[in-house]
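See below for the structure under consideration.
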Amino acid sequence: MLTKIKNWLDVRIGLNTIFQTHVLDYRMPKNTNLLYTLGFLAVIAYATQAFTGIILLIYYIPHPDHAFRSVQDIMTQVPYGWVFRQMHAVGSNLMIMVAMLHMVTVFLMGNYKRPRELTWVGGVLLLILTIVFGLSGYLLPWTQLSYWATTVVTSMPTAFPVIGETVSQILRGGDHVSETTLSRFFALHISILPPLYLLFMGIHLFFVNRIGISATPFGKADEEKRPLTEYKRKTYPDGYPYYPRFFQKQMYMMMAYFTVMFFIITFLPTLYFPDEANVPADPFNTPQEVRPAWYLLAPYQLLKLIPNKFFGIMLQLILVLIFILWPVLDTQQEKNVLKRPVLRGVFLSLIALWVILLWWGRS
Amino acid sequence: MRGIMRYGILSWILLFLLPSLGTAGYKKDFEDAFLTKPWAGEQIEENVCISCHASQTMKPEFQEITEAWQASWHAQNRISCEHCHGGDPRDAALAMSPQRGFLGTPKDKDVPEFCGKCHIGILTNFLESGHGKALKAGKKAPNCVVCHGSHNIQKASIDIISEQLCTKCHSYERAKIMKVALFVIETRISQLEQRLQKLKREGIYPGADEKSLFSTQAEFRTLFHTVDANLVRSRTDEFTSKLDQIDKNIQDTYQKLRFRKNLSAFFMMAFACMGVIIFLLTKTKDE
Numbered sequence: 000m001l002t003k004i005k006n007w008l009d010v011r012i013g014l015n016t017i018f019q020t021h022v023l024d025y026r027m028p029k030n031t032n033l034l035y036t037l038g039f040l041a042v043i044a045y046a047t048q049a050f051t052g053i054i055l056l057i058y059y060i061p062h063p064d065h066a067f068r069s070v071q072d073i074m075t076q077v078p079y080g081w082v083f084r085q086m087h088a089v090g091s092n093l094m095i096m097v098a099m100l101h102m103v104t105v106f107l108m109g110n111y112k113r114p115r116e117l118t119w120v121g122g123v124l125l126l127i128l129t130i131v132f133g134l135s136g137y138l139l140p141w142t143q144l145s146y147w148a149t150t151v152v153t154s155m156p157t158a159f160p161v162i163g164e165t166v167s168q169i170l171r172g173g174d175h176v177s178e179t180t181l182s183r184f185f186a187l188h189i190s191i192l193p194p195l196y197l198l199f200m201g202i203h204l205f206f207v208n209r210i211g212i213s214a215t216p217f218g219k220a221d222e223e224k225r226p227l228t229e230y231k232r233k234t235y236p237d238g239y240p241y242y243p244r245f246f247q248k249q250m251y252m253m254m255a256y257f258t259v260m261f262f263i264i265t266f267l268p269t270l271y272f273p274d275e276a277n278v279p280a281d282p283f284n285t286p287q288e289v290r291p292a293w294y295l296l297a298p299y300q301l302l303k304l305i306p307n308k309f310f311g312i313m314l315q316l317i318l319v320l321i322f323i324l325w326p327v328l329d330t331q332q333e334k335n336v337l338k339r340p341v342l343r344g345v346f347l348s349l350i351a352l353w354v355i356l357l358w359w360g361r362s
Numbered sequence: 000m001r002g003i004m005r006y007g008i009l010s011w012i013l014l015f016l017l018p019s020l021g022t023a024g025y026k027k028d029f030e031d032a033f034l035t036k037p038w039a040g041e042q043i044e045e046n047v048c049i050s051c052h053a054s055q056t057m058k059p060e061f062q063e064i065t066e067a068w069q070a071s072w073h074a075q076n077r078i079s080c081e082h083c084h085g086g087d088p089r090d091a092a093l094a095m096s097p098q099r100g101f102l103g104t105p106k107d108k109d110v111p112e113f114c115g116k117c118h119i120g121i122l123t124n125f126l127e128s129g130h131g132k133a134l135k136a137g138k139k140a141p142n143c144v145v146c147h148g149s150h151n152i153q154k155a156s157i158d159i160i161s162e163q164l165c166t167k168c169h170s171y172e173r174a175k176i177m178k179v180a181l182f183v184i185e186t187r188i189s190q191l192e193q194r195l196q197k198l199k200r201e202g203i204y205p206g207a208d209e210k211s212l213f214s215t216q217a218e219f220r221t222l223f224h225t226v227d228a229n230l231v232r233s234r235t236d237e238f239t240s241k242l243d244q245i246d247k248n249i250q251d252t253y254q255k256l257r258f259r260k261n262l263s264a265f266f267m268m269a270f271a272c273m274g275v276i277i278f279l280l281t282k283t284k285d286e
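Those protein sequence lines, which keep their order, are chains F and C.
Numbering that gives the first Met the number 0 numbers the first residue of the first sequence as 0 and each following residue consecutively.
Numbering that gives the first Met the number 0 numbers the first residue of the second sequence as 0 and each following residue consecutively.
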């Protein structure tokens, strides 16, 4: 039966050819490591979020009077609703971690260098979209935690003169986080961001496929040094086939991802749900500690530390801009970051600064 | 071309960064507003009762009122000055105007009705009690604030019934009998409150049980204000069965949580095992 279906499809869309070209004959560089699977892992994370999100969407009610109750119903009344909710909540944090780790490893391996500038830019935009995904989804359960964290985050643009208040008002749909904000964030989360993310993911994967995968500089430095005068797809005729070796690596990482996810759900179920996350939002009762989600803690702490808010927000926007345009700014040919002490120093300092700010913001 | 792009971007960044530094101080007002305003914006309107009473123009004993209230159970539940005393906390000129419903400080015998605006059930039972009847007859008797305090009211507990307090007016014997009668239910209520709090920390919001416990507790405490130990004893079973139901609900929820933990642990193990199998497969192929 299966063979019949396969043959039926093959004569119509050339299934065997697709499988042969893109799976069996597709060659990977010999020195690829597990870190090369992080992009694939980000796709898996997105698919998991989409699937669990659709299940939650069936029961969730995006209204301040019902949002909290509906999420509680998902947790307590809907059969196995808690699995999907926990997977979605834990998955959102893991997805951001995976995307960040992917960017860091690509940066460390110098794989953003020409001719892959556009792939890098697409990747950074995807990371930003992932964070916006997290931010917009954070408000939806309408808890004390989500309400006040969103209040803090939507206050951040007010540091920007002239247009800051307007930006904040557009985000909130008024002076305060309200029913309108919930509607806006809900629409953003479920109908604007998903297709946008898919579009950017498609573009990103198109670039990866079109230019060819880059080889890591940690092993054999086999990146071509030719002048960039014409398009040429990087291939590895002497590399190993994608299937089964690299595919196994991907599957291995996927299992590790879900193991970590269910480890958190089993043993640390309240890791992303502090006490305020279990209390309905109360706009008239400000909690003792108001802070955004962990991935926005560092920028938030930096903004609090710099006395001039305008400078603080500009500095952050410029850092993001530098991050996006880094392949254009970094003209050194050397890919291996271990052979570039200055870049290595700056990078490690930035990571350390980010961790310190995050920790500081938490305490 | 590449050099032009690189310097172009750097110039563009400088173009934005320098004006931001240069013009950083020009909006002092904006900064002050940003730093001093609560992050949420001005959600809580200014209360003129508090600002006036806390000011240096007031006598020290009046100033203490705001501090006492801020530390109270009422303040935690956002019961403010106007809810008891009437008046308009948003209008300094008419804050204490009778036209805006200002009641001022009640006389001793009027205190039960003053508090009873909200604590309706308790008022009814109190007025039927020996305490209430004596108060209304103009005899020496306690009103609400004698036991609960006025502005620094804390969450009521069985500990209010104490030898120190009760012996101010009469012997402690009868009060002790009442305290013993209350003890079983009060202790149970307090244990259930703690378990509900723990459940919340586990990620479950037991709203219905919380409401049920609150109303049971309120009803029970209403009963106490009759100061009739026999009545409390006769209805103890009724309250016990209500608390049993809440207890059962909590136990059921804990059982569900245990099942969840086991199921997610199973998923974790399943994925981990599949990961190990794939890893071993990779090694087999390599060999």
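Glycine included, every Cβ here is placed at the ideal spot set by N, Cα and C.
Below 8 Å, how does it come out for the stretch 172 to 182 of chain C and the stretch 84 to 103 of chain C: are there three or more Cβ pairs, yes or no? With a cut-off of 8 Å on Cβ pairs, the stretch 172 to 182 of chain C is not in contact with the stretch 84 to 103 of chain C, counting fewer than three such pairs.
Rounded separation between F:Lys3 and C:Asp208 - CA only: 59 Å
State whether the stretch 156 to 175 of chain C contacts the stretch 257 to 268 of chain C, with contact taken as three or more CB pairs (one from each stretch) at a distance under 8 Å. Result no; under three Cβ-Cβ pairs closer than 8 Å.
Would you kindly check if the distance between the Cβ of F:Tyr230 and the Cβ of F:Ile212 is under 9 Å? no
Cα-Cα separation between F:Pro326 and F:Met27, rounded to whole angstroms: 23 Å
Assuming F:Pro282 and F:His175 make a contact with CB atoms under 8 Å, what is their CB distance in whole Å? About 7 Å; that satisfies the 8 Å criterion.
Under the three-state DSSP convention, the category F:Thr330 falls into: coil
Relative to chain F, which residues along the stretch 197 to 219 of chain C have a C-beta separation below 8 Å, given in chain order? Lys199, Arg200, Glu201, Gly202, Ile203, Tyr204 and Gly206
Measure how close the beta-carbons of C:Glu185 and C:Ile157 come, nearest whole angstrom, since I'm counting them as under 8 Å. 4 Å
To the nearest angstrom, report how far apart F:Leu170 and F:Leu144 are at their CA atoms. 18 Å
Counting only Cβ pairs nearer than 9 Å, list the residues of chain F close to C:Thr283. Here the premise fails: no neighbours, minimum Cβ distance about 10 Å.
Cβ contact (3+ pairs, closer than 8 Å) linking the stretch 151 to 164 of chain F and the stretch 301 to 311 of chain F: yes
Own chain partners of F:Ile60 with C-beta closer than 8 Å, once the 5 adjacent residues on each side are dropped: Within the same chain, F:Ile60 has close Cβ partners Ala66, Arg68 and Ser69.
Stretch-stretch touch, CB-based, cutoff 8 Å, three pairs: the stretch 194 to 204 of chain F with the stretch 116 to 129 of chain F: yes
Using a Cβ-Cβ cut-off of 9 Å, state whether F:Gln71 counts as contacting chain C. yes
Kindly indicate which three-state DSSP category C:Thr104 falls into: helix, strand or coil? coil
If F:Leu55 and F:Phe83 are in contact, beta carbons under 8 Å, what's the gap, nearest whole angstrom? 6 Å
Between the alpha carbons of F:Asp24 and F:Gln247, how many angstroms are there, rounded? Pairing F:Asp24 with F:Gln247, the inter-Cα distance amounts to about 16 Å.
Neighbourhood of F:Leu100 by C-beta, 6 Å cutoff - its chain only, sequence neighbours within 5 removed: Leu37
Counting along the chain, where does the alpha helix (DSSP H) carrying C:His84 start and finish? Cys80 to His84
Can you find a C-beta in chain F that's less than 9 Å from the C-beta of C:Ser79? no
If you run the structure through DSSP and keep just helix, strand and coil, what is C:Pro141? Here C:Pro141 carries a coil assignment [DSSP, helix/strand/coil].
With H, G and I counted as helix, E and B as strand and the rest as coil, what does DSSP make of F:Tyr294? helix
Under 7 Å Cβ to Cβ from F:Trp293, same chain only, skipping five residues before and after it: list those, please. Leu357
Applying the 10 Å Cβ sphere with the 16-neighbour rule, what's the burial state of F:Ala351? Exposed, because fewer than 16 other Cβ atoms sit within 10 Å of the Cβ of F:Ala351.
Mind checking C:Lys282: buried by the 16 CB within 10 Å criterion, or exposed? exposed
Option in F:Tyr242, F:Leu267, F:Phe272 and F:Met253 with minimal Cα separation from F:Phe18: F:Tyr242
For the stretch 45 to 71 of chain C, list every residue whose C-beta sits within 8 Å of some C-beta in chain F, in sequence order. So the list is empty, because no residue satisfies the distance condition.
Considering only the beta carbon of each residue, do C:Phe61 and C:Cys83 sit closer than 9 Å? Result no, Cβ atoms of C:Phe61 and C:Cys83 do not sit closer than 9 Å.
How many Å lie between F:Phe106 and F:Gly122 at the Cα? In this structure, the CA atom of F:Phe106 is about 11 Å from the CA atom of F:Gly122.
If I measure Cβ to Cβ from C:Cys143 and keep anything under 7 Å in the same chain, skipping five residues before and after, which residues do I get? The residues Val110, Pro111 and Cys114, in chain order, have a CB closer than 7 Å to that of C:Cys143 in the same chain once the five nearest residues on each side in sequence are set aside.
Below 9 Å between beta carbons is the criterion; list the residues of the stretch 253 to 271 of chain C that meet it against any residue of chain F, in chain order. Lys255, Leu256, Arg259, Lys260, Asn261, Leu262, Ser263, Ala264, Phe265, Phe266, Met267, Met268, Ala269, Phe270 and Ala271
CB contact flag (F:Ile210, F:Thr118, <9 Å): yes
For C:Arg89, which three-state DSSP category applies? coil
Apart from the five residues on each side of it in sequence, which residues of its chain come closer than 6 Å, Cβ to Cβ, to C:Asp87? Leu93, Ala94 and Arg99.
Beta-carbon separation of F:Leu301 and F:Leu314 under 9 Å? Result yes, Cβ atoms of F:Leu301 and F:Leu314 sit closer than 9 Å.
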